[in-house]
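2 protein chains.
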Amino acid sequence: MGASKLQIHSKRTNDIALIAKVFAHPARVAILEYISKQKDCICSDIVDEIGLSQPTISQHLQVINKAGLLKGNFKGKSLCYCINIKRFQEFQEVFNSFFNKTKFNCC
Amino acid sequence: MGASKLQIHSKRTNDIALIAKVFAHPARVAILEYISKQKDCICSDIVDEIGLSQPTISQHLQVINKAGLLKGNFKGKSLCYCINIKRFQEFQEVFNSFFNKTKFNCC
DNA sequence: AAGTGATATTGCAATATTACAATTATATAT
DNA sequence: ATATATAATTGTAATATTGCAATATCACTT
Chain U
1 MGASKLQIHS KRTNDIALIA KVFAHPARVA ILEYISKQKD CICSDIVDEI GLSQPTISQH
61 LQVINKAGLL KGNFKGKSLC YCINIKRFQE FQEVFNSFFN KTKFNCC
Chain D
1 MGASKLQIHS KRTNDIALIA KVFAHPARVA ILEYISKQKD CICSDIVDEI GLSQPTISQH
61 LQVINKAGLL KGNFKGKSLC YCINIKRFQE FQEVFNSFFN KTKFNCC
């Protein structure tokens, strides 16, 4: 096949994997890092900064956006890509809960 | 193309993506969760537990292992898949450092 | 309303990932 | 040494992801 068998896992397990997928590509990590550094909402030069084509960046932004990690003004002249910090913190908490739960060991 | 352009990103950025990839499949999340629950090193029934074929599980274990997240006795009767907690904590720290660095915002 | 600047969408090609059947390798027991 | 149980490897098919050129869309300006 090739498709992940999502139905055999718990929602929590699938959720963790979905969140991880957002960060599983360096371009998306770089985009998030870059956006977070911009203080003045001048975020329209992500393309120049990252070094990938505009459609590719747009595609990655879509993935990030679908995960709920973006907010801001996406239209018109006063464009602004910002990180949805609330959602971002949720992600961090899910990850940390996973990490903390998984530390027990046997040898 | 289809291959990620790794050379345009910093090592740190690529590292974060590589770490995230380990957790970007629910089967691997489930495997890690399952292993961490086993107290007696009897870890040979991951296949039954997860619901994927033995080769598929083996493949996922290889991904987890290549990331340095496994330790234990992989051969013979006294099999034992254990989580390399030290490495696991490293992962958690890298993630948290990324999350914490990326929280600044503009709107 | 036509032009401009910026982002989104579409279509396509290349590579990566996922999954499993068949097989092989390895360690232990008899 | 043979048998058994378990895990790794190989081969193959299907799906997903990545990337970009071409095009379309959208908001604003003049």
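Sequence lines, in order, name chains U and D. For the first sequence, the residue numbers in this note's numbering are 1 to 107. For the second sequence, the residue numbers in this note's numbering are 1 to 107. Positions of the beta carbon are idealized from the N, C-alpha and C atoms, including for glycine. The model shown is predicted, which means the values in this text are computed figures rather than measured ones.
Quick check: what's the CA-CA separation for residue i versus residue j?
i, j, result
"Gly2 of chain D", "Asn65 of chain D", "25 Å"
"Lys37 of chain U", "Cys80 of chain U", "13 Å"
"Gln54 of chain D", "Glu33 of chain U", "39 Å"
"Val63 of chain U", "Leu18 of chain U", "11 Å"
"Asp15 of chain U", "Pro26 of chain D", "8 Å"
"Asn100 of chain D", "Lys86 of chain U", "13 Å"
"Lys11 of chain U", "Val47 of chain U", "35 Å"
"Ala24 of chain U", "Thr13 of chain D", "10 Å"
"Gly51 of chain D", "Asp45 of chain U", "46 Å"
"Ala142 of chain U", "Ile57 of chain U", "The structure shown has nothing for residue 142 of chain U, since chain U only spans 1 to 107."
"Gln120 of chain U", "Arg28 of chain U", "Since the first residue shown for chain U is 1 and the last is 107, residue 120 of chain U is missing from the structure and cannot be characterised."
"Val22 of chain D", "Phe95 of chain U", "13 Å"
"Leu6 of chain D", "Asn84 of chain U", "26 Å"
"Gln92 of chain D", "Ala20 of chain U", "12 Å"
"Leu69 of chain U", "Leu70 of chain D", "31 Å"
"Glu49 of chain U", "Thr102 of chain U", "37 Å"
"His9 of chain D", "Phe104 of chain D", "21 Å"
"His72 of chain D", "Gln89 of chain D", "Here the sequence assigns Gly to residue 72 of chain D, which means His is not the residue at that position. So the two alpha carbons sit approximately 17 Å from each other."
"Leu61 of chain D", "Ser4 of chain U", "16 Å"
"Phe98 of chain U", "Ser97 of chain D", "16 Å"
"Ile35 of chain U", "Ala67 of chain U", "16 Å"
"Cys82 of chain U", "Cys82 of chain D", "40 Å"
From what residue to what residue does the alpha helix (DSSP H) around residue i run?
i, result
"Ser97 of chain D", "85 to 101"
"Tyr34 of chain D", "26 to 37"
"Ser4 of chain U", "No alpha helix (DSSP H) holds Ser4 of chain U; DSSP gives it neither H nor E."
"Leu18 of chain D", "11 to 22"
"Ile46 of chain D", "46 to 50"
"Ile64 of chain D", "54 to 66"
Members of the stretch 55 to 89 of chain D near chain U, C-beta cut-off 7 Å: Gly72, Cys80, Cys82, Ile83, Ile85, Phe88
Residues of the stretch 13 to 24 of chain D whose Cβ lies closer than 7 Å to any Cβ of chain U, in chain order: Thr13, Asn14, Ile16, Ala17, Ala20, Lys21, Phe23, Ala24
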